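In the numbering used here, the protein residues as written are 61 to 470.
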């Protein structure tokens, strides 16, 4: 955004609250390897290049697809996926990239979560060699945007009850149903559509399968959802599937049940924890910088006891978030990360990010609602990531079942 001009009666037009301060009180990331740091710095350079344009896009509720594609061109969407045709990125590097992009812009953080964490991961986990040969590099490079179409208008947390169906018709599958809140679902790329086989004569009748659908296929209609107060720089779509015909080989052979969809979601929850850390870092550093620059009653806000206490509470939460993320990455590197451990990290970090963002917004006073200071944008974007990939309540039930051995799901 352009630098604000000083208005009559103002001594300061704006405050420098968006630059990186490198907050790492416990040196959690001090030993990051050169390779991992190179990925991290590439994400920083990308955000420095596009950050201001994304603030303007957020303000206008526009999705700048060219900026999303640029993320792929900069080789930032592989999300730590292990595949011989993808750049190797350790769990720690993938987390740091996720953190940095979300620190710059939450909508781009969601692009990364959808393009890499959901779409590309689904293809590499369950796609046939032919499907991967056709779509892997276009997805990884951003040439083609991908979506993960699971959630439906009437089935969010209980997505296992999805109503979208697929049936055999000669040499094709015919898909009918609706999906909602699908990132990149109206981008003109491809969609990984989860549907229940509703054909007594077909193999796997009643099972949930995944189908690769090109969004230009007749019967596929993706409509961006309007009126969002969060993640305004990416379009999430309502998708209508009106007898969409796809070839028999459009089904992903490795996805044979709803548990496979859950596997993808489990893998992305660690990414949400990192994303929350990025948002929280931006809010804490904005609050700290503002407190040091803003003068009231003849002295900087940072010299007031109550402000220092608030900053300390924010740093406490932020440091805990960093420790969660670092240890989670180390567990994943060692092959010992369990799904409920990722759930606990998401559960903690999105809750902590909400607290930090709220405190930062309050500390900035009236200036906290200005988009140029980014805090209000992060605050509203955090509300979305707090919900997606499994709500707080769902995470609590998953963790509770693990620690008690008893399921409280109804």
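Using N, Cα and C, we set each Cβ at its ideal position, and we do this for glycine too.
If you're wondering where the values come from, they're calculated on a predicted model, not measured in any experiment.
> Rounded to a whole number of angstroms, what is the C-alpha to C-alpha distance between residue 268 and residue 247?
Replying inline: When rounded, the distance between both Cα atoms is 25 Å.
> Looking only at its own chain, which residues have a Cβ that is under 6 Å from the Cβ of residue 332, when we skip the five neighbours before and after it?
Replying inline: 406, 445 and 449
>> Measuring alpha carbon to alpha carbon, tell me which residue in 431, 303, 86 and 343 is nearest residue 281.
In response: 303
>> Between residue 349 and residue 76, how many whole angstroms is the CB-CB distance? I'm expecting something under 8 Å.
In response: 6 Å
>> If I measure Cβ to Cβ from residue 393 and keep anything under 8 Å in the same chain, skipping five residues before and after, which residues do I get?
In response: 150, 151 and 152.
> Across which residues does DSSP place residue 270 in a beta bridge pair?
Replying inline: Bridge partners of residue 270: 254.
> Ordered along the chain, which non-local residues of its own chain (more than five positions away) have a Cβ less than 7 Å from that of residue 469?
Replying inline: Excluding positions up to five away in sequence, the list reads 457.
> Any chance the segment 108–120 sits against the segment 164–171, with 3 or more Cβ pairs inside 8 Å?
Replying inline: Touching, per the Cβ criterion.
> In the structure shown, what three-state DSSP assignment does residue 62 receive?
Replying inline: With a pLDDT of only 49 at residue 62, under the threshold of 50, the placement of this residue in the model should not be trusted, and no figure is reported.
>> Does residue 356 come out as helix, strand or coil in the three-state DSSP assignment?
In response: strand
> Quick one: Cα of residue 364 to Cα of residue 412, how far?
Replying inline: If you draw a straight line from the Cα of residue 364 to the Cα of residue 412, it is about 24 Å long.
>> With DSSP as the reference, identify every bridge partner of residue 212, one or two as the case may be.
In response: Under the DSSP definition of a beta bridge, residue 212 partners with 215.
> If you draw a straight line from the C-alpha of residue 289 to the C-alpha of residue 437, how long is it?
Replying inline: Rounded to the nearest whole angstrom, the C-alpha separation of residue 289 and residue 437 is 9 Å.
> Rounded to a whole number of angstroms, what is the C-alpha to C-alpha distance between residue 337 and residue 439?
Replying inline: 12 Å
>> If I measure Cβ to Cβ from residue 279 and keep anything under 6 Å in the same chain, skipping five residues before and after, which residues do I get?
In response: 302, 303 and 304
>> Within 10 Å of its beta-carbon, does residue 62 have 16 or more other beta-carbons around it, so buried, or fewer, so exposed?
In response: For residue 62, the predicted structure reports a pLDDT of 49, less than 50, and the residue's modelled location is therefore unreliable. A value from the coordinates is still provided. Label assigned to residue 62: exposed.
> Secondary structure at residue 226, three-state DSSP: helix, strand or coil?
Replying inline: strand
>> Between which residues of its own chain and residue 140 is the CB-CB distance below 6 Å, once the five residues before and five after are set aside?
In response: 149, 151 and 154
>> For a quick check, are the C-beta atoms of residue 177 and residue 273 less than 9 Å apart?
In response: no
>> Please identify the residue among 374, 452 and 134 whose C-alpha is closest to the C-alpha of residue 421.
In response: 374 is the residue among 374, 452 and 134 whose C-alpha sits nearest the C-alpha of residue 421.
> For residue 307, which of helix, strand or coil comes out of DSSP?
Replying inline: strand
> Going by DSSP, which residues form a beta bridge with residue 298?
Replying inline: Residue 298 is bridged to 283.
>> Along the chain, where does the alpha helix (DSSP H) containing residue 456 start, and where does it finish?
In response: 452–464
> Which one or two residues does DSSP pair with residue 239 in a beta bridge?
Replying inline: By DSSP's assignment, residue 239 forms a beta bridge with 299.
> What's the C-alpha gap between residue 239 and residue 212?
Replying inline: 4 Å
>> Please identify the residue among 410, 435 and 466 whose C-alpha is closest to the C-alpha of residue 451.
In response: When the alpha-carbon of residue 451 is set against those of 410, 435 and 466, the nearest one is in 410.
> Among residues of its own chain, excluding the 5 on either side of residue 217, which ones have a beta-carbon nearer than 7 Å to its beta-carbon?
Replying inline: 451 and 454
> Three or more C-beta pairs closer than 8 Å, one from the segment 181–200 and one from the segment 351–365: is that the case here?
Replying inline: The segment 181–200 and the segment 351–365 do not touch, with fewer than 3 CB-CB distances between them shorter than 8 Å.
> What is the DSSP secondary structure of residue 207, reduced to helix, strand or coil?
Replying inline: strand
> Relative to the alpha-carbon of residue 345, which residue among 295, 434 and 387 has its alpha-carbon at the smallest distance?
Replying inline: 434
> Is it a yes or a no for the segment 122–139 touching the segment 258–265, going by three-plus beta-carbon pairs under 8 Å?
Replying inline: Output reads no: the segment 258–265 does not touch the segment 122–139.
> If you compare alpha carbons, which of 401, 89, 423 and 442 is closest to residue 414?
Replying inline: Of the candidates 401, 89, 423 and 442, the one whose C-alpha sits nearest the C-alpha of residue 414 is 442.
>> Once DSSP output is grouped into helix, strand and coil, what is the label at residue 324?
In response: DSSP places residue 324 in helix when its eight states are reduced to three.
> Can you pull the DSSP bridge partners for residue 234?
Replying inline: 227 and 305
> For residue 341, does the three-state DSSP call read helix, strand or coil?
Replying inline: The answer is helix: DSSP assigns residue 341 an H, G or I state.
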